[in-house]
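>
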Amino acid sequence: MCEYPPRFVHEDIWHELCMHWNTDEWQKKSERGKSNRKKADSDDVISRHTGGSRGYDEHRIILVKIIMFINFRTDIGSATHF
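Under our numbering, the first residue of the sequence shown carries the number 270, and numbering increases by one thereafter.
Rendered as structure tokens:
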């Protein structure tokens, strides 16, 4: 894998990353993460963090709607209460 860097990563940087990923410390972290991702909760359910996630644009759209609603309520309130 280290011999085939992705096109978007400079070859020198790719080789540095590969050297870092091949250290004992990184391998231990990797194994610990792998183990944690496989652990199940009390209902024997493994969390995959895939259900209900929103993309950046969806968050932006929802936040814009919330801000517009708050501004609308503030404008109505200030217009009707002197």
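The beta carbon of each residue, even a glycine, is placed where N, CA and C say it ideally should be. Model, not experiment: these values are computed from the prediction.
1. How many angstroms separate the CA atom of Gly320 from the CA atom of Glu327?
2. CA-CA distance, Pro274 and Ile282?
3. Threshold first: 4 residues or longer. Then list the alpha helix (DSSP H) segments lying entirely within the stretch 285-343, N to C.
4. By alpha-carbon positions, which one of Asn305, His284, Val278 ends up nearest to Glu272?
This is what the structure holds:
1. With a pLDDT of only 46 at Gly320, under 50, the local geometry of the prediction cannot be trusted, and no value is derived from it.
2. 9 angstroms
3. 293-307
4. His284
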